[in-house]
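Undergrad:
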Amino acid sequence: MAASPVAGKGTYPMAVRHDVENLIRRGNIFYWRARVPASFARCGPGSRLSLSLHCSDHKKAQAIGRKLNTLMAELKMKSKEPMSKAQLQKLCEHERDVMLLHLEDVSIVARRYGRPADIEELELDLENGWAYKLLAMFGIRQKLTLEEGCSGSKYLLENGVPASHIFAIRSNYLELLHEANTRGFQDGIRMLMHQFDISQNPLNHEKAMKAYFSGRAEALFDVAERHSLADRNLSELTGGSRPDPQPVANEQATEVVMPPAPLIAILVDVAPTPKPPEPFPIAVLDLSPSPRHAAIERDDGLKTQPVIQVADFEAECEQLVKNMKDAWDDSTARDARALVRMFKIVLEEYGIEHTGQISQYHIGKLRQHFNNIPIRWGQSAKMRAMSAPELRAEGQRLREQAETEGKEAAVGLSAATIRKHFGNLNHFLKHVRGHGFELDDWSFEGLRPKKPKAGSVRKQQHKPTPDEIKPIFSCPVYTGSLDHDRGRKKPGLHVFHDAAYFLPLMYTYLGGRRKEFAGLSLNDIEEDDDGLVLVLRTNEFRRLKTEQSERVLPLPDELIRLGFMDYCVALEALGYKAVFPDLISHKTRNDPGDRFYDVFNPIMQEALGSKMWKRAFHALRHGMADTLKQAGVSTEVIDDISGRLSDGSETNSRYTNPAGLPLMRDALGKYPIITSEIEAKPIKLLPWIEQRVPPPWAREAKTEARRRK
Numbered sequence: 002m003a004a005s006p007v008a009g010k011g012t013y014p015m016a017v018r019h020d021v022e023n024l025i026r027r028g029n030i031f032y033w034r035a036r037v038p039a040s041f042a043r044c045g046p047g048s049r050l051s052l053s054l055h056c057s058d059h060k061k062a063q064a065i066g067r068k069l070n071t072l073m074a075e076l077k078m079k080s081k082e083p084m085s086k087a088q089l090q091k092l093c094e095h096e097r098d099v100m101l102l103h104l105e106d107v108s109i110v111a112r113r114y115g116r117p118a119d120i121e122e123l124e125l126d127l128e129n130g131w132a133y134k135l136l137a138m139f140g141i142r143q144k145l146t147l148e149e150g151c152s153g154s155k156y157l158l159e160n161g162v163p164a165s166h167i168f169a170i171r172s173n174y175l176e177l178l179h180e181a182n183t184r185g186f187q188d189g190i191r192m193l194m195h196q197f198d199i200s201q202n203p204l205n206h207e208k209a210m211k212a213y214f215s216g217r218a219e220a221l222f223d224v225a226e227r228h229s230l231a232d233r234n235l236s237e238l239t240g241g242s243r244p245d246p247q248p249v250a251n252e253q254a255t256e257v258v259m260p261p262a263p264l265i266a267i268l269v270d271v272a273p274t275p276k277p278p279e280p281f282p283i284a285v286l287d288l289s290p291s292p293r294h295a296a297i298e299r300d301d302g303l304k305t306q307p308v309i310q311v312a313d314f315e316a317e318c319e320q321l322v323k324n325m326k327d328a329w330d331d332s333t334a335r336d337a338r339a340l341v342r343m344f345k346i347v348l349e350e351y352g353i354e355h356t357g358q359i360s361q362y363h364i365g366k367l368r369q370h371f372n373n374i375p376i377r378w379g380q381s382a383k384m385r386a387m388s389a390p391e392l393r394a395e396g397q398r399l400r401e402q403a404e405t406e407g408k409e410a411a412v413g414l415s416a417a418t419i420r421k422h423f424g425n426l427n428h429f430l431k432h433v434r435g436h437g438f439e440l441d442d443w444s445f446e447g448l449r450p451k452k453p454k455a456g457s458v459r460k461q462q463h464k465p466t467p468d469e470i471k472p473i474f475s476c477p478v479y480t481g482s483l484d485h486d487r488g489r490k491k492p493g494l495h496v497f498h499d500a501a502y503f504l505p506l507m508y509t510y511l512g513g514r515r516k517e518f519a520g521l522s523l524n525d526i527e528e529d530d531d532g533l534v535l536v537l538r539t540n541e542f543r544r545l546k547t548e549q550s551e552r553v554l555p556l557p558d559e560l561i562r563l564g565f566m567d568y569c570v571a572l573e574a575l576g577y578k579a580v581f582p583d584l585i586s587h588k589t590r591n592d593p594g595d596r597f598y599d600v601f602n603p604i605m606q607e608a609l610g611s612k613m614w615k616r617a618f619h620a621l622r623h624g625m626a627d628t629l630k631q632a633g634v635s636t637e638v639i640d641d642i643s644g645r646l647s648d649g650s651e652t653n654s655r656y657t658n659p660a661g662l663p664l665m666r667d668a669l670g671k672y673p674i675i676t677s678e679i680e681a682k683p684i685k686l687l688p689w690i691e692q693r694v695p696p697p698w699a700r701e702a703k704t705e706a707r708r709r710k
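Numbering (the numbering used here), first residue to last: 2 to 710.
1) Is the segment 592–612 touching the segment 515–526 in the sense that three or more CB pairs, one from each, lie closer than 8 Å?
2) Just the Cα atoms here: how many angstroms apart are Ile-359 and Asp-441?
3) According to DSSP, is Ala-266 helix, strand or coil?
4) According to DSSP, simplified to helix, strand and coil, what is Gln-310?
5) From Asn-524, Met-210, Ala-164, pick the residue whose C-alpha is nearest to that of Thr-183; which is it?
6) Looking only at its own chain, which residues have a Cβ that is under 6 Å from the Cβ of Ser-80, when we skip the five neighbours before and after it?
7) On the DSSP letters alone, give me the boundaries of the alpha helix (DSSP H) that Ser-172 sits inside.
8) Evaluate the contact criterion for the segment 390–406 versus the segment 466–485: three or more CB pairs, one atom per stretch, below 8 Å.
9) Beta-carbon separation of Ala-501 and His-587 under 7 Å?
10) Would Ala-339 be called buried (16 or more neighbouring beta carbons within 10 Å of its own) or exposed?
11) I'd like the ranges of any alpha helix (DSSP H) spanning at least 4 consecutive residues and lying wholly in the segment 562–596.
12) On the criterion of 16 or more Cβ atoms from any shown chain inside 10 Å, does Thr-628 qualify as buried, or is it exposed?
13) Whose CA, out of Arg-616, Arg-489, Glu-680, lies closest to the CA of Ile-561?
14) Since Phe-26 contacts Val-37 with CB under 8 Å, what's their CB separation in whole angstroms?
15) Go through its chain and collect everything with a Cβ distance to Asp-336's Cβ below 8 Å, but skip five positions before and after it.
16) In the DSSP output, what is Val-553 paired with across the bridge?
17) Give the DSSP bridge partners of Tyr-32, in chain order.
18) Within the continuous alpha helix (DSSP H) that includes Ile-470, where are the two ends?
19) Relative to the C-alpha of Leu-664, which candidate in Gln-606, Leu-554, Pro-582 has its C-alpha closest?
20) Cutting at 6 Å between CB atoms, please list the residues of its own chain near Gly-352, excluding the five before and the five after it.
21) How about Leu-238 and Leu-127: are their beta carbons less than 7 Å apart?
22) May I ask which residues mark the beginning and end of the alpha helix (DSSP H) holding Ile-346?
23) On the criterion of 16 or more Cβ atoms from any shown chain inside 10 Å, does Gln-631 qualify as buried, or is it exposed?
24) How many angstroms separate the CA atom of Thr-466 from the CA atom of Ala-181?
25) Might you give, ordered along the chain, the residues of its own chain that have their beta carbon closer than 6 Å to the beta carbon of Arg-293, omitting 5 neighbours on each side?
26) Helix, strand or coil: which one does DSSP assign to His-355?
27) For Pro-375, which three-state DSSP category applies?
28) Judging by CA-CA distance, which residue of Leu-537, Lys-408, Gly-564 is the nearest neighbour of Glu-527?
29) Can you tell me the Cα-Cα spacing of Asp-188 and Tyr-479, whole angstroms?
30) Taking all protein chains shown into account, do 16 or more other C-beta atoms lie within 10 angstroms of the C-beta of Asp-641, making it buried, or fewer, making it exposed?
31) Find the nearest neighbour of Arg-552 within the set Tyr-672, Thr-539, Arg-622, judged by alpha-carbon distance.
32) Using a threshold of 7 Å, state whether the C-beta atoms of Leu-147 and Arg-171 are closer than that.
33) Decide if Pro-375 is buried, meaning its Cβ has at least 16 other Cβ atoms within 10 Å, or exposed.
34) Beta-carbon separation of Val-341 and Glu-315 under 7 Å?
35) According to DSSP, is His-485 part of a helix, a strand, or is it coil?
36) If distances are taken between C-alpha atoms only, which option among Ser-522, Pro-697, Val-638 comes closest to Leu-658?
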């Protein structure tokens, strides 16, 4: 969906009205702009729908424009209930996508019939069909290797698929599996289920995906008419032993491409074996990425460098994530995906179709977009589904609401966040250019905020003193709470031992990063000659941020006094591997540090009240470092305890090892004991931990993959 640029402002040449009603052309792109009928009471008077048709061919534009005009007339006459402008736009966008794909199918079929007797064309369809069949049978949560002994490989062989074709099927299967786990695919299914009043529940969602995959497979297996002249005796897939040829997945699987919207066929009927929709072929359901290596053609007929379609940016971002491997952790990859999604919707707003059309102007527009969108846009599924103009309109609405209430609007990304986004954009554009795709020169000069000066950085984070932190340890978590759930903040008789009990102690006395301690394994607790230690290293629950994050820290005496080792023994006896299993989901690979924030932040807010500081948990890390510094501990030792690499001389960074445990114990001993009033209690685990049942808070992954975009 694209907002219509203002004529005469330099964005596009003046719009040219076409002979088809409501059809206009700006530059090379056609738009459909129709007035909303007055009968739609939920739309404001004089409202208009503005929709980019994503094409420059006037014949295609005519066909789509007439189809949309007909749709609008039918809605006006037959609509049984009022519709909002957003609903109308989504419906029109879906109709546009279906029509575009149908027209593209017609042209593809015409080209393919230039090789009507080529057996390879038939094999490609069958291979691709088997890839979809595997997804229909095994789902998208299980990743098949298709190696010898794999259940997927056995399934193919049992159904007569020759072993020589399994490699090609595997390539297509992996590509389709990745696409099926993207946020775009999943959001497309949910959006249309809502649009067509299909109940939103996991069972229906799974049925819809199974119906889609099965329908695609059936369409690809139906080769009788498409390849009627191909000699079946030339392929193992169609040997005389099988009267009903069955398919396999194509190594390319990238012939037809459109965004997730064209899912209507499966959502109208989520039965396991759907029939092809009318009047268009089942190809309308294709969600596989478009060809990313197609070269664009100049006016003189010569081909330039290959380009990447804007619709395929998220798939290309996944390639970048794979390339970065261990250099990026999950949060960095998530940030990169968010940036690429944002860049994509801005480019779509201006009618950009591929990388060959991106200019410095569009990067500038992305920078302005950052200033006018809600700060928390990524945390709202509704906002993530919005177009760029809709997102900015939401930002304007929040500004007006905040002005009315006399508050500060949560609109416009911070300088630090914008710097991070431009860093990820730089990575992505370098990746595109490095792989030989066409891309104009670009620069971030004048766009990327400057790094803050060292003096201002010091003032950005509050550094709480021990006296400021002490009230936290007087809350019901330590003195006795009403129950283990919603009553955790209320006084009572129960003291439960879990992450909410032990982690604040660790952050206060050791100053670690949130994820480092929240993701500890029981194997990370060891003993040396002088006492118990925590070995911070990458484990099955989380990675570490940097190499210097790997370190060994002495276990504070206060944790031992309050029963931390008895707690660990109890968990080990129950068969747990994590120190804090209450933070680990059995459904997804979640960030245990984020889960702890959700649990303890409200408790901390209740304990500190108006004295609560910003970035509360990270501030504990700063507070520990500042307290030790004021007590005379050298900054090099503080950095070694905190897992940072000290700046300064070669001696600090190259010629010496980190501070040893005796030196660390001596330094940490200068932090005052502020938890002496906490009474040690017998170990009492959370009921669901003791009963070894899955965490009640766990949810399925939002992909995603909340994450594509």
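The beta carbon of each residue, even a glycine, is placed where N, CA and C say it ideally should be.
As the structure is a computational prediction, the values presented were derived from the model and not from experiment.
TA: Working from what's here:
1) Cβ pair count under 8 Å is three or more, so yes.
2) As a working note, residue 359 is residue 358 in the sequence shown. As a working note, residue 441 is residue 440 in the sequence shown. Cα-Cα distance, rounded: 7 Å.
3) Taking the sequence shown and counting its residues from 1, the one referred to as residue 266 is at position 265. A caution first: Ala-266 carries a pLDDT of 35, below 50, which makes its placement in the model too unreliable to give a value.
4) On the sequence shown, position 309 is the one that residue 310 refers to. Three-state result, Gln-310: strand.
5) For this step, residue 183 is matched to residue 182 along the sequence shown. The shortest Cα separation from Thr-183 among Asn-524, Met-210, Ala-164 belongs to Met-210.
6) One-based indexing of the sequence shown puts residue 80 at position 79. Below a pLDDT of 50, predicted positions are generally treated as unreliable, and Ser-80, at 48, falls in that range; the measurement from the model is reported next regardless. Cβ within range, chain order: n/a, list empty.
7) Position 171 of the sequence shown, counted from the first residue, corresponds to residue 172. Annotation: the continuous alpha helix (DSSP H) that includes Ser-172 extends over 167–181.
8) With contact defined as three or more Cβ pairs closer than 8 Å, the segment 390–406 and the segment 466–485 are not in contact.
9) Within the sequence shown, numbered from 1, the residue matching residue 501 stands at position 500. Within the sequence shown, numbered from 1, the residue matching residue 587 stands at position 586. When the beta-carbon positions are compared, Ala-501 and His-587 stay at least 7 Å from each other.
10) Here the question's residue 339 lines up with position 338 in the sequence shown. Ala-339 comes out buried.
11) 565–574, all fully within the segment 562–596.
12) Reading the sequence shown from its first residue, position 627 is the one you call residue 628. Classification of Thr-628: buried, given that the 10 Å Cβ count is 16 or more.
13) For the purposes of this step, residue 561 is taken as the residue at position 560 of the sequence shown. Ranked by how close their Cα comes to the Cα of Ile-561, the residues Arg-616, Arg-489, Glu-680 have Glu-680 in first place.
14) Taking the first residue of the sequence shown as position 1, residue 26 is located at position 25. Taking the first residue of the sequence shown as position 1, residue 37 is located at position 36. Reading off the sequence shown, one finds Arg at residue 26, where the question assumed Phe. Going by Cβ atoms, the distance from Arg-26 to Val-37 rounds to 22 Å, so no, they are not a contact pair.
15) The residue given as residue 336 occupies position 335 in the sequence shown. Excluding sequence neighbours, Asp-336 sits near Lys-421, His-422, Asn-425.
16) Here residue 553 is taken as the residue at index 552 of the sequence shown, counted from 1. Note: Val-553 sits in a beta bridge opposite Val-536.
17) Here residue 32 refers to the residue found at position 31 of the sequence shown. According to DSSP, which records beta bridges pairwise, Tyr-32 is partnered with Ile-25, Ser-53.
18) To locate residue 470, count along the sequence shown from 1; it is residue 469. First-last of the alpha helix (DSSP H) with Ile-470: 467–470.
19) Along the sequence shown, one-based indexing puts residue 664 at 663. Closest by alpha carbon: Leu-554.
20) The residue labelled residue 352 in the question sits at position 351 within the sequence shown. The beta carbon of Gly-352 sits closer than 6 Å to those of Ile-30, Ser-53, all from its chain and outside the five residues before and after it, given in chain order.
21) Here residue 238 refers to the residue found at position 237 when the sequence shown is read from its first residue. Here residue 127 refers to the residue found at position 126 when the sequence shown is read from its first residue. Against a cut-off of 7 Å, the Cβ pair of Leu-127 and Leu-238 comes out as a contact.
22) The sequence position of residue 346 within the sequence shown is 345, counting from 1. Note, Ile-346: alpha helix (DSSP H), 331–350.
23) The residue labelled residue 631 in the question sits at position 630 within the sequence shown. So Gln-631 counts as exposed.
24) Here the question's residue 466 lines up with position 465 in the sequence shown. Here the question's residue 181 lines up with position 180 in the sequence shown. Approximately 50 Å, taken between the alpha carbons.
25) Taking the sequence shown and counting its residues from 1, the one referred to as residue 293 is at position 292. Only weak support is given to the placement of Arg-293: the predicted model assigns it a pLDDT of 43, under 50, and the question is left unresolved by the model.
26) The sequence position of residue 355 within the sequence shown is 354, counting from 1. Of the three classes helix, strand and coil, the one that applies to His-355 here is strand, per DSSP.
27) For the purposes of this step, residue 375 is taken as the residue at position 374 of the sequence shown. In the structure shown, Pro-375 sits in a strand (DSSP, three-state: E or B).
28) Position 526 of the sequence shown holds residue 527. Looking at the Cα atoms, Leu-537 is the closest of the given residues.
29) What you label residue 188 is simply residue 187 of the sequence shown in a count that begins at 1. What you label residue 479 is simply residue 478 of the sequence shown in a count that begins at 1. Each residue's alpha carbon lies about 43 Å from the other.
30) Reading the sequence shown from its first residue, position 640 is the one you call residue 641. Classification of Asp-641: buried, given that the 10 Å Cβ count is 16 or more.
31) Numbered from 1 along the sequence shown, position 551 holds the residue referred to as residue 552. Nearest of Tyr-672, Thr-539, Arg-622 to Arg-552, Cα basis: Thr-539.
32) Within the sequence shown, the letter at position 146 stands for residue 147. Within the sequence shown, the letter at position 170 stands for residue 171. Yes, the pair counts as a contact, with Cβ atoms nearer than the cut-off.
33) Locating residue 375 in the sequence shown gives position 374, where the first residue counts as 1. Residue burial annotation: Pro-375 is buried, with at least 16 other C-beta atoms found within 10 angstroms of its C-beta.
34) Taking the first residue of the sequence shown as 1, we reach residue 341 at position 340. Taking the first residue of the sequence shown as 1, we reach residue 315 at position 314. Yes.
35) Along the sequence shown, one-based indexing puts residue 485 at 484. Here His-485 sits in coil by DSSP.
36) By one-based count along the sequence shown, residue 658 stands at place 657. The residue you asked about is not Leu; residue 658 is Asn in the sequence shown. The residue from Ser-522, Pro-697, Val-638 with its alpha-carbon nearest to that of Asn-658 is Val-638.
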